[in-house]
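Residue numbers (UniProt numbering): 1 to 330.
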């Protein structure tokens, strides 16, 4: 069974990936209910934390029902990262995760996220310093390399392990690929098959079906799967994967009533946590998947994603339940 520090995990755990404006407390709660074994916060700027930026500080909110939960931070300045570790510790997470994989230009141009893949020595020294600065387990999320010509992930993962990294999640694309093309899990399997590796190696990228998760486990031999885009607006994905592992069959998709209930609770929790304006706005991205595949649904989806008034969105949910309550999802 894989372990992160003193945290015992089940066989082939499913982890909710840290996703900006997605992996917030309301969504993490829904994913946890549906079987996510470990959840991570949205990635948090170390510079924002040490400057007490409201948006960054708010992302530190975690709750007992989420555990084990990791707080993910990113940055390129050693002093800022160490000071942010001290701030993160006050929230008492189970794990501190370092983002060495975000491909977004505004992060990369500062040498953070995937930008640090151009300087592996710095990546390793920064990890070492953070490990030595906290008693919490430190993990890393990264990519295969900067581009196709700089994939040295086997060596990189071993070096990170040697300075105290407790687990590594690897997205099967380079920074140059962004999210295009297919994720390549073979180099991740090479990391796992390195006889010197003893920390958990989690795969990330294109785990979009229970069958894909099973391939990652059985064909590639990885220790677990980190789930990102497949879970957006569909927290049931974790439960469906576990059902498939156990039975070899697909779990029946959630009913319309279950989908409306989840969307309603999601919005309620979001409003409670961040207020009506932000709660309504940042929950919109989930509705397409909550109600994916329903014919003649455009009118109702537009109501959900264009209204700034929570009452109107809740009313749209009720209209959907009334009009499409008997719809059978494939």
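Here a beta-carbon is modelled for each residue, glycine too, at the ideal position from N, C-alpha and C. It should be emphasised that the depicted structure is a prediction, and the values quoted were computed from it without experimental measurement.
For residue 96, the closest of 127, 170, 277 by C-alpha to C-alpha distance is 127. Under DSSP, no beta-bridge partner is assigned to residue 120. Taking the Cβ atoms as the reference, residue 74 lies roughly 13 Å from residue 109, outside the contact range of under 8 Å.
By the neighbour-count criterion, in which 16 or more other beta carbons inside 10 Å mark a residue as buried, residue 11 falls on the exposed side.
The beta strand (DSSP E) runs lying completely inside the stretch 18 to 44 and spanning 3 residues or more are 38 to 40, given in chain order. Taken through DSSP and simplified to helix, strand or coil, residue 161 comes out as helix.
If you compare the alpha carbons of 91, 250, 131, 328 with that of residue 58, the shortest gap goes to 91.
Counting every other CB atom within 10 Å of its CB across the protein chains shown gives residue 221 a total below 16, marking it as exposed. Of the candidates 6, 7, 33, 9, the residue whose Cα lies closest to the Cα of residue 231 is 33.
If you look at residue 224, you'll find it in the beta strand (DSSP E) that goes 224 to 227.
For residue 139, the three-state secondary structure derived from DSSP is strand. Annotation note: the stretch 204 to 245 contains the following uninterrupted alpha helix (DSSP H) runs of length 4 or greater, listed N- to C-terminal: 210 to 218.
Residue burial is scored here from C-beta neighbours: residue 196 has fewer than 16 other C-beta atoms within 10 angstroms and is therefore classed as exposed. In this structure, the alpha-carbon of residue 61 lies about 11 Å from that of residue 28.
Linking residue 148 to residue 116 through their CA atoms gives a straight-line distance of about 16 Å.
In the displayed model, residue 148 falls within a helix according to three-state DSSP.
In the DSSP assignment, residue 266 falls within the unbroken alpha helix (DSSP H) covering 256 to 274. Per DSSP, residue 193 is one residue of the alpha helix (DSSP H) stretching across 186 to 193. DSSP places residue 97 in the uninterrupted beta strand (DSSP E) bounded by 95 to 100. Residue 278 sits in a helix when the DSSP states are folded into three classes. Taking the Cα positions, residue 44 is about 11 Å away from residue 113. The stretch 207 to 218 makes contact with the stretch 241 to 254, as at least three CB pairs between them are under 8 Å.
Apart from sequence neighbours up to five positions away, the residues of its chain that approach residue 228 with a beta-carbon distance below 7 Å are 17, 19, 204, ordered along the chain. Sixteen is the threshold: when 16 or more other Cβ atoms of the shown chains lie within 10 Å of the Cβ of residue 263, as they do, the residue is buried.
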